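Same order as they appear, the protein sequences are chains A, B, C and D.
Letter by letter, the first sequence follows residues 1 to 157 in the UniProt record's numbering.
Letter by letter, the second sequence follows residues 1 to 157 in the UniProt record's numbering.
Letter by letter, the third sequence follows residues 1 to 157 in the UniProt record's numbering.
Letter by letter, the fourth sequence follows residues 1 to 157 in the UniProt record's numbering.
Let me begin by presenting the structure, written as structure tokens, before commenting on it.
4 protein chains.
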Amino acid sequence: MSVNTFSIHPDDRSRLIKATIEAKEFAYARYSNFRVGAALLTTTGDIIKGANIENASYGGTICAERTAFVKAVSEGNRSFTALAVVSDVASAISPCGMCRQVIREFCAQSMPILLIPADYDKRVAEGDVTGGVKETSIAELLPDSFGPEHLDLPRGD
Amino acid sequence: MSVNTFSIHPDDRSRLIKATIEAKEFAYARYSNFRVGAALLTTTGDIIKGANIENASYGGTICAERTAFVKAVSEGNRSFTALAVVSDVASAISPCGMCRQVIREFCAQSMPILLIPADYDKRVAEGDVTGGVKETSIAELLPDSFGPEHLDLPRGD
Amino acid sequence: MSVNTFSIHPDDRSRLIKATIEAKEFAYARYSNFRVGAALLTTTGDIIKGANIENASYGGTICAERTAFVKAVSEGNRSFTALAVVSDVASAISPCGMCRQVIREFCAQSMPILLIPADYDKRVAEGDVTGGVKETSIAELLPDSFGPEHLDLPRGD
Amino acid sequence: MSVNTFSIHPDDRSRLIKATIEAKEFAYARYSNFRVGAALLTTTGDIIKGANIENASYGGTICAERTAFVKAVSEGNRSFTALAVVSDVASAISPCGMCRQVIREFCAQSMPILLIPADYDKRVAEGDVTGGVKETSIAELLPDSFGPEHLDLPRGD
Ligand SMILES: [Zn+2]
Ligand SMILES: [Zn+2]
Ligand SMILES: [Zn+2]
Ligand SMILES: [Zn+2]
Numbered sequence: 001m002s003v004n005t006f007s008i009h010p011d012d013r014s015r016l017i018k019a020t021i022e023a024k025e026f027a028y029a030r031y032s033n034f035r036v037g038a039a040l041l042t043t044t045g046d047i048i049k050g051a052n053i054e055n056a057s058y059g060g061t062i063c064a065e066r067t068a069f070v071k072a073v074s075e076g077n078r079s080f081t082a083l084a085v086v087s088d089v090a091s092a093i094s095p096c097g098m099c100r101q102v103i104r105e106f107c108a109q110s111m112p113i114l115l116i117p118a119d120y121d122k123r124v125a126e127g128d129v130t131g132g133v134k135e136t137s138i139a140e141l142l143p144d145s146f147g148p149e150h151l152d153l154p155r156g157d
Numbered sequence: 001m002s003v004n005t006f007s008i009h010p011d012d013r014s015r016l017i018k019a020t021i022e023a024k025e026f027a028y029a030r031y032s033n034f035r036v037g038a039a040l041l042t043t044t045g046d047i048i049k050g051a052n053i054e055n056a057s058y059g060g061t062i063c064a065e066r067t068a069f070v071k072a073v074s075e076g077n078r079s080f081t082a083l084a085v086v087s088d089v090a091s092a093i094s095p096c097g098m099c100r101q102v103i104r105e106f107c108a109q110s111m112p113i114l115l116i117p118a119d120y121d122k123r124v125a126e127g128d129v130t131g132g133v134k135e136t137s138i139a140e141l142l143p144d145s146f147g148p149e150h151l152d153l154p155r156g157d
Numbered sequence: 001m002s003v004n005t006f007s008i009h010p011d012d013r014s015r016l017i018k019a020t021i022e023a024k025e026f027a028y029a030r031y032s033n034f035r036v037g038a039a040l041l042t043t044t045g046d047i048i049k050g051a052n053i054e055n056a057s058y059g060g061t062i063c064a065e066r067t068a069f070v071k072a073v074s075e076g077n078r079s080f081t082a083l084a085v086v087s088d089v090a091s092a093i094s095p096c097g098m099c100r101q102v103i104r105e106f107c108a109q110s111m112p113i114l115l116i117p118a119d120y121d122k123r124v125a126e127g128d129v130t131g132g133v134k135e136t137s138i139a140e141l142l143p144d145s146f147g148p149e150h151l152d153l154p155r156g157d
Numbered sequence: 001m002s003v004n005t006f007s008i009h010p011d012d013r014s015r016l017i018k019a020t021i022e023a024k025e026f027a028y029a030r031y032s033n034f035r036v037g038a039a040l041l042t043t044t045g046d047i048i049k050g051a052n053i054e055n056a057s058y059g060g061t062i063c064a065e066r067t068a069f070v071k072a073v074s075e076g077n078r079s080f081t082a083l084a085v086v087s088d089v090a091s092a093i094s095p096c097g098m099c100r101q102v103i104r105e106f107c108a109q110s111m112p113i114l115l116i117p118a119d120y121d122k123r124v125a126e127g128d129v130t131g132g133v134k135e136t137s138i139a140e141l142l143p144d145s146f147g148p149e150h151l152d153l154p155r156g157d
């Protein structure tokens with residue numbers, strides 16, 4: 001029997017989704033006009049918010065998810081229970097590959113990743129209990145991934 | 001019946017794998033000591049090689065796969081039939097998330113991506129016809145991906 | 001007469017340097033073994049700390065300075081008075097080009113950037129009043145820079 | 001007496017500028033609509049062209065200058081005599097910080113970097129012998145830079 005080690009308390013889930021939507025407010029999406037918010041739930045119950053911070057060079061842009069991770073890790077948090085992401089578009093948006101690679105560095109394969117539609121609150125108000133949230137994991141989003149352990153493998157001749 | 005639009009001619013497949021292994025020779029892996037080679041096969045039969053080019057800032061590093069893509073696109077090639085990747089470790093190594101996102105920008109979901117073990121030639125010489133190559137696709141490596149079309153979606157209130 | 005609009009109160013300067021050195025403790029420098037700490041002083045007197053957060057892909061690495069910026073901006077702070085940076089090496093280390101580009105996005109050309117030697121505290125204890133701190137600015141570190149305004153320029157034929 | 005080791009033959013200079021302008025044609029500037037071309041002159045007289053290749057994630061974008069460098073290095077060229085850059089805007093545009101850091105990895109401090117205005121050909125046709133080209137170097141564009149040698153410095157206690 002497999003035990004889900006990542007069951008999130010409904011209150012934490014609500015707090016996390018609320019924080020994710022709030023986080024979007026501080027996006028600096030000057031070039032894409034595509035605001036994204038993210039939030040991490042730590043194993044100690046803390047929530048760390050992130051937003052996308054763009055750059056005139058485009059390549060210097062840092063997504064909401066990675067913002068949340070570097071905030072958390074730089075404050076000493078490396079142990080996470082869930083991640084949530086939201087944008088301004090109605091459908092639930094999934095992290096880009098760069099963010100998936102950073103999630104891979106710090107999270108368990110099965111940690112819940114919640115993809116929140118922009119109209120989550122409206123959906124809930126209208127009686128949709130799930131609010132349109134899609135739940136996934138890094139196992140699903142970045143299969144057969146490259147990770148820290150590969151750098152330790154012996155090099156051939 | 002589904003038709004595989006990406007059947008690669010065995011000769012092209014051999015050429016591609018050979019080029020990928022050669023490409024690794026020009027890796028600039030000064031910091032990781034982890035050399036990677038990549039090669040793209042275009043629809044016109046050309047092969048474009050890439051290697052990882054690292055940077056003292058670490059964040060400025062560009063992987064072998066992305067090197068191959070920017071080489072190809074900057075020469076006017078945006079139509080690809082297959083990608084192959086090899087490193088110096090015995091097991092077949094998979095692209096990082098950043099590279100998967102760049103593959104996503106330019107390739108069809110089902111385009112073959114060949115992951116080549118470092119000892120491919122030895123395996124083939126020893127009678128392993130597949131050479132240990134693992135075949136995958138961006139559909140498999142970056143499921144539920146974020147892509148160009150999402151930036152065109154209408155933003156909510 | 002030129003007025004320095006960025007005179008930092010000595011107390012704030014001390015707080016900023018102390019925070020920068022503390023920030024380094026949470027670096028995730030698994031691959032380079034080169035820890036860096038950074039801290040931003042906001043116009044409201046708040047201090048936001050950053051550390052370098054590396055990634056197995058190398059290219060996914062985010063430096064201490066950029067960590068501090070995305071933390072600040074994602075919390076609603078976009079108005080800064082000073083930035084400070086420290087590493088584990090004796091000499092004062094300067095930001096990489098990627099970080100300079102992010103500083104360029106959010107800071108005035110003349111905003112003080114303090115480069116702190118790792119042995120700052122020891123130097124001060126030994127009577128060096130400056131502690132070996134080197135003061136610079138983005139005007140000096142990224143001359144003739146590319147910035148947001150260039151993206152608004154009319155394109156030629 | 002200081003000897004300029006980087007005097008470029010006028011023919012090479014012309015070839016380089018022409019290649020830079022041509023390179024721009026293959027830019028993939030889908031998101032910024034800001035096309036950039038770059039070209040590197042190697043010590044053996046070869047010219048390697050680059051263009052900016054953008055990505056839906058924004059952060060996955062690779063500039064024209066970096067495209068030229070990874071192309072060159074992945075083909076075995078690490079010895080450069082000059083770099084040139086052009087965009088579609090009338091004024092000469094300077095490399096972003098990320099590109100400056102990559103230039104820093106592979107080029108001498110005084111290697112000429114030519115910033116070409118978009119209307120270079122028109123200027124020359126109208127009798128402006130310089131064509132509005134601005135000449136600079138990485139010493140000027142990235143002063144007090146972080147580089148490979150810093151990663152080798154001894155770490156303090
Ligand atoms: Zn992302
Ligand atoms: Zn990669
Ligand atoms: Zn940096
Ligand atoms: Zn650039």
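Where is the CB? At the ideal position from N, CA and C, for every residue including glycine.
Everything numeric in this text was worked out from a predicted model, so none of it was measured.
Task: 6 Å Cβ shell around B/Lys134 - same chain, five flanking residues per side excluded - done: The residues are Ala92, Leu115.
Open item on the list: Using a Cβ distance threshold of 8 Å, determine whether the segment 73-86 of chain C contacts the segment 81-98 of chain A, with at least three qualifying pairs required.
Closed with: Taking 8 Å as the limit for Cβ pairs, the verdict is that the segment 81-98 of chain A does not touch the segment 73-86 of chain C.
Task: Buried or exposed by the 16-neighbour rule on C-beta atoms within 10 Å, applied to C/Gly127 - done: So C/Gly127 counts as exposed.
Open item on the list: Counting only Cβ pairs nearer than 7 Å, list the residues of chain C close to B/Glu54.
Closed with: Chain C residues near B/Glu54: Tyr58.
TODO: For D/Val3, count neighbouring Cβ atoms within 10 angstroms of its own Cβ and tell me buried if that reaches 16, exposed if not.
DONE: Residue placement at D/Val3 is flagged as unreliable, the pLDDT there being 46, under the threshold of 50; the coordinate-derived value follows with that caveat. By the neighbour-count rule (16 or more Cβ atoms within 10 Å), D/Val3 is not buried but exposed.
Open item on the list: Restricting to Cα atoms, I'd like to know which of D/Ile103, D/Phe34, D/Ala56, D/Gly59 is closest to D/Ala68.
Closed with: Of D/Ile103, D/Phe34, D/Ala56, D/Gly59, the residue nearest in Cα terms is D/Ile103.
- [ ] Return the CA-CA distance between C/Ser137 and C/Gln109, expressed in angstroms with no decimal places.
- [x] For C/Ser137 and C/Gln109, the distance between alpha carbons rounds to 6 Å.
TODO: Look at the alpha carbon of C/Pro143 and the alpha carbon of D/Ala29, and state the distance between them as a whole number of angstroms.
DONE: Each residue's Cα considered, the two are about 25 Å apart.
TODO: Drop a sphere of 10 angstroms on the beta-carbon of B/Ser145, count the other beta-carbons inside from all chains shown, and report buried for 16 or more, exposed for fewer.
DONE: By the 10 Å Cβ count, B/Ser145 comes out buried.
- [ ] Could you tell me whether any non-hydrogen atom of ligand 2 is closer than 8 Å to the CB of C/Ser57?
- [x] Under cutoff, so the answer is yes.
Task: CA-to-CA distance, D/Gly59 to A/Ile113, given in whole angstroms - done: One Cα belongs to A/Ile113, the other to D/Gly59, and the distance between them is close to 21 Å.
Task: Neighbour flag for B/Pro154 against chain D, beta carbons, 9 Å - done: B/Pro154 has a beta carbon lying at 9 Å or more from every beta carbon in chain D.
Task: Interface partners of residue 180 of chain B on chain C, CB under 8 Å - done: Nothing can be reported for residue 180 of chain B, as the shown portion of chain B is limited to 1 through 157.
Task: Neighbour-count burial assignment, A/Thr61, 16 or more Cβ in a 10 Å radius - done: A/Thr61 counts as buried, since at least 16 other C-beta atoms from the protein chains shown sit within 10 angstroms of its C-beta.
Open item on the list: Looking at ligand 4, does it come within less than 8 Å of residue 160 of chain A, judged from the CB to the closest heavy atom?
Closed with: This structure does not reach residue 160 of chain A, given that chain A is present from 1 up to 157, and the question cannot be answered.
Task: Cβ separation of B/Asp12 and B/Leu41, assumed to be a contact under 8 Å, to the nearest whole Å - done: Going by Cβ atoms, the distance from B/Asp12 to B/Leu41 rounds to 6 Å, so yes, they are a contact pair.
- [ ] Taking all protein chains shown into account, decide if C/Arg155 is buried (16 or more other Cβ within 10 angstroms of its Cβ) or exposed.
- [x] Taking all protein chains shown into account, C/Arg155 has fewer than 16 neighbouring C-beta atoms within 10 Å of its C-beta and is therefore exposed.
Open item on the list: Following a CB-centred definition, is C/Pro95 positioned closer than 8 Å to any heavy atom of ligand 3?
Closed with: Correct: C/Pro95 has its Cβ closer than 8 Å to ligand 3.
- [ ] Run through the UniProt domain "CMP/dCMP-type deaminase" (11-149) of chain C for me and flag every whole alpha helix (DSSP H) of 4 or more residues, listed as ranges in chain order.
- [x] Segments of the alpha helix (DSSP H) lying fully in the UniProt domain "CMP/dCMP-type deaminase" (11-149) of chain C: 64-74, 97-106, 120-125, 138-141.
Open item on the list: Can you look up A/Phe6 in the DSSP assignment and give me helix, strand or coil?
Closed with: Correct three-state label for A/Phe6: coil.
Task: Members of the segment 11-35 of chain D that neighbour chain A once the beta carbon cut-off is set at 8 Å - done: Result list: Tyr31, Ser32.
Open item on the list: Only counting the same chain, and skipping five residues up and downstream in sequence, which positions put a Cβ closer than 8 Å to that of D/Ile8?
Closed with: Here D/Ile8 has Leu16, Leu41, Thr81, Ala82, Pro112 as same chain residues with Cβ atoms under 8 Å from its own Cβ, once five neighbours each way along the sequence are excluded.
- [ ] Indicate, with yes or no, if ligand 3 has a heavy atom lying under 8 Å from the CB of D/Phe146.
- [x] The nearest non-hydrogen atom of ligand 3 is less than 8 Å from the C-beta of D/Phe146.
Open item on the list: Among the candidates D/Tyr31, D/Ile21, D/Glu140, D/Phe26, whose CA atom is the shortest distance from the CA of B/Pro148?
Closed with: Of the candidates D/Tyr31, D/Ile21, D/Glu140, D/Phe26, the one whose C-alpha sits nearest the C-alpha of B/Pro148 is D/Tyr31.
Task: Beta carbon proximity, D/Val70 to chain C, threshold 9 Å - done: Contact with chain C is absent for D/Val70, since none of that chain's Cβ atoms lies less than 9 Å from the residue's Cβ.
- [ ] Quick one: using the 10 Å Cβ neighbour count with 16 as the cut-off for buried, is A/Gly50 buried or exposed?
- [x] Buried, by the Cβ-count rule.
Task: Own chain residues within Cβ distance below 8 Å of B/Gly131, not counting five before or after - done: Only Ile17, Ile116, Pro117, Tyr120, Asp121, Arg123, Val124 meet the Cβ criterion.
Task: Proximity of D/Ser87 and D/Lys24 at Cβ, strictly below 9 Å - done: Yes.
Task: 8 Å contact criterion, which A/Arg35 and A/Asn52 should meet: CB distance rounded - done: In this structure, A/Arg35 and A/Asn52 form a Cβ contact; the two beta carbons are roughly 7 Å apart against a cut-off of 8 Å.
TODO: Can you pull the chain F residues whose beta carbon is under 9 Å from the beta carbon of C/Cys63, in chain order?
DONE: This model lacks chain F altogether; the protein chains it does include are A, B, C and D.
Open item on the list: For B/Ser14, count the other beta carbons within 10 Å of its own beta carbon; 16 or more makes it buried, fewer makes it exposed. Which is it?
Closed with: Classification of B/Ser14: exposed, given that the 10 Å Cβ count is below 16.
Task: Rounded separation between residue 175 of chain D and D/Ala64 - CA only - done: The requested residue 175 of chain D is not part of the displayed model; chain D covers only 1 to 157.
Task: C-alpha gap between C/Cys99 and D/Cys99, whole angstroms - done: Within the model, the alpha-carbon separation for C/Cys99 versus D/Cys99 is close to 12 Å.
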